[in-house]
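In this note's numbering, the protein residues as written are 2 to 274.
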């Protein structure tokens with residue numbers, strides 16, 4: 002299995018532009034898939050440099066309804082005319098972020114909502130023997146306090162986002178079980194708990210952001226919370242590849258705790274699993 006980072010907050014070199022967003026190309030024995038499309042069309046620009054043919058992608062999974070994961074949807078729809086696009090049914094609802102000068106819209110482009118290419122999901126969904134999507138993660142362990150600055154709109158009222166629009170992907174291939182998350186707003190520890198209790202399995206590899214940096218306030222989560230999460234992750238034999246909303250300082254703390262059990266994915270990076 003090959004994972005190529007098409008868009009992320011940082012880059013492996015100046016050859017690749019970066020942005021606040023995430024897009025991963027994952028190639029398996031049976032699929033060429035994308036997980037998220039970043040904040041803009043940048044993922045497509047980097048895909049060309051990395052030798053990834055987006056026309057051949059057969060599956061796209063959008064992790065949740067924030068622009069930094071679905072902002073490149075219009076670009077993808079123009080490039081690729083065949084991929085099945087799986088997105089949660091609530092992803093196109095209005096989402097906002099608290100800012101110093103008010104609230105900013107951080108949702109998806111509403112004009113794309115009616116596109117017939119989208120397959121809207123409300124619950125767990127099995128694509129085939131290799132791919133499965135799950136959502137509705139419960140649990141309150143080790144949650145990011147930065148979630149408090151994120152809002153959703155229901156019946157015209159803005160309230161704390163419950164992240165019911167967030168979904169995760171399981172990829173199975175040979176002896177590997179790979180869990181891919183976008184921002185893990187529900188908490189990576191709770192997502193792993195959900196997978197264990199609902200699927201009776203633990204992944205061999207986890208890929209995704211852990212939402213340990215508050216971009217609005219420009220500060221990481223408390224060291225105590227990061228270490229609490231690190232201690233939970235250390236109890237497993239899982240290999241973690243993190244990125245995007247984890248943040249540099251939280252990653253360094255996790256790296257000190259987990260060593261080679263955790264690594265960082267930057268724009269332009271390639272990983273073989």
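C-beta: ideal position from N, C-alpha, C; glycine also.
Comparing C-alpha distances from residue 32 to each of 66, 224, 58 and 223 shows the shortest one belongs to 58.
Here residue 103 is bridged, per DSSP, to 100. Sorting 144, 120 and 146 by C-alpha distance to the C-alpha of residue 134 places 120 at the top. Membership of residue 155 in the beta strand (DSSP E) is indicated by the continuous run 151–155. In the assembly as shown, residue 222 is a buried residue. Its beta-carbon has 16 or more other beta-carbons within 10 Å. In the three-state reduction of the DSSP assignment, residue 72 falls in the coil class, being assigned neither a helical nor a strand state.
Distance from the CA of residue 163 to the CA of residue 87, rounded to the nearest whole angstrom, comes to 20 Å. The continuous beta strand (DSSP E) containing residue 209 extends over residues 206–209.
In this structure, 8 is the residue among 8, 170, 82 and 34 with its C-alpha nearest to the C-alpha of residue 73. Inside the stretch 6–65, DSSP marks whole beta strand (DSSP E) runs of 3 or more residues at positions 24–28, 33–36 and 60–62, from first to last along the chain.
Residue 106 counts as exposed, since fewer than 16 other C-beta atoms from the protein chains shown sit within 10 angstroms of its C-beta. Comparing alpha-carbon positions, the option among 230, 39 and 266 lying closest to residue 62 turns out to be 39. In this structure, 29 is the residue among 56, 29 and 230 with its C-alpha nearest to the C-alpha of residue 179.
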